[in-house]
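The next block holds one structure in the form of structure tokens; read it before the comments.
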Amino acid sequence: MKKSFVTEMMQTVVDNGFTWVREQGFEWFENTLRDVMNISAKVCRDKELLSDFWTELGDFFDILEAPRQAAIAYKKAVKYDKENAYPAEELEKMEDEVNDGLTLREKAATRMECRELLAKGDAQSALKLLKDDPSKKALLLKASCYSFLGKTDKALKCWEALELKKGNIRLSQRDWFYLSSSLLENTNFWRIQSKIINRAKGHFPSHKSLTDEHGDTLQPGTRKKAICAFHIARLEFDYDALMKLYKKYPDWKELREAINELSAPGSSRGAE
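The working numbering applies: residue 1120 is where the sequence shown begins, and numbers increase by one.
Printed below as a string of structure tokens:
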């Protein structure tokens, strides 16, 4: 990995922030950013950049609910710039959270350990700890682990089991971060999402062009249904379903792109 690439990637993380890191997904993180993290101190001599880079990673691990990994990142940020108050303050918060974790009940403590293992890239060890926990929180973690390991069918079974559970389902940014490209391109996954929409609380990814156009007028449930319908239609090459959505959301960029792709000359699945 070239020095120029490492420093450019570090600057990209700093410029775009931890939310952008999460949006790239775990595959990019493990295949690209993990290596950048490991060699950043060896190739970068800009202490301010190093501090800012690790601060963003601390924030990133925080949203993954992995306080130990967040604390490690914040410590590095403080090391490279002791005048930067923010990572020092966040480090203190994360250390308190780690200490609070010592008083958690057994299953909650185990799930916390699993989140830490996942954040370190050790999904296999995390799975072993979860085997006897049938809770909704554990099913989400298991789905993340199987997705991380490339076991799409097993990840889908976890989502199917989750669908059968009663009550609300709280989805976090972590649950979406660990979705593999294989799952995101799987019609069954989006069908499950469409079935649990009314019970799913918390984070649900959106499309900027959709939210920018409709803003507060688009209710969360309606937005989620539209996104699920869009993914199902594009994956099934359903031109009519896409056009039906287009009548409601003509400025939705990704929707227009999917329609254009299907209707392009030479497309084997174009509109008849």
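Where is the CB? At the ideal position from N, CA and C, for every residue including glycine.
With 16 other Cβ atoms within 10 Å as the buried cut-off, status of residue i
i: ILE1158; result: exposed
i: LYS1261; result: buried
i: TRP1147; result: exposed
i: SER1266; result: buried
i: ALA1196; result: buried
i: SER1299; result: buried
i: PRO1369; result: exposed
i: PRO1206; result: buried
i: THR1341; result: exposed
i: ALA1190; result: buried
i: GLU1391; result: Caution is warranted here: a pLDDT of 49 is assigned to GLU1391, below 50, making its placement in the model unreliable, and no coordinate value can be reported.
i: LEU1283; result: exposed
i: LEU1259; result: buried
i: PHE1349; result: buried
Cross-strand partners of residue i (DSSP beta bridge)
i: GLY1321; result: LEU1290
Residue i, DSSP secondary structure in three states
i: CYS1233; result: helix
i: ASP1165; result: coil
i: MET1362; result: helix
i: GLU1282; result: helix
i: GLU1355; result: coil
i: GLU1391; result: With a pLDDT of 49 at GLU1391, under the threshold of 50, the predicted position of this residue should be treated as unreliable, though the coordinate-derived value follows. GLU1391 falls in the coil class under three-state DSSP.
i: GLY1177; result: helix
i: GLN1338; result: coil
i: TRP1371; result: coil
i: ILE1378; result: helix
i: HIS1350; result: helix
i: LYS1122; result: helix
i: PRO1384; result: coil
i: LEU1302; result: helix
i: GLY1136; result: coil
i: SER1127; result: In the sequence as displayed, the identity of residue 1127 is Glu instead of Ser. Correct three-state label for GLU1127: helix.
Q) At a cut of 8 angstroms, does the region 1185-1204 reach the region 1230-1247 through at least three beta carbon pairs? A) yes
Q: Scan the region 1191-1274 and note each continuous alpha helix (DSSP H) run of 4 residues or more that stays entirely inside, going in chain order.
A: As far as the region 1191-1274 is concerned, its whole alpha helix (DSSP H) runs of at least 4 residues are 1204-1220, 1225-1239, 1242-1249 and 1255-1267.
Q. Do three or more CB pairs link the region 1169-1177 to the region 1321-1333 at distances below 8 angstroms?
A. no
Q. Are the region 1147-1156 and the region 1120-1132 touching, with three or more C-beta to C-beta distances below 8 angstroms?
A. yes
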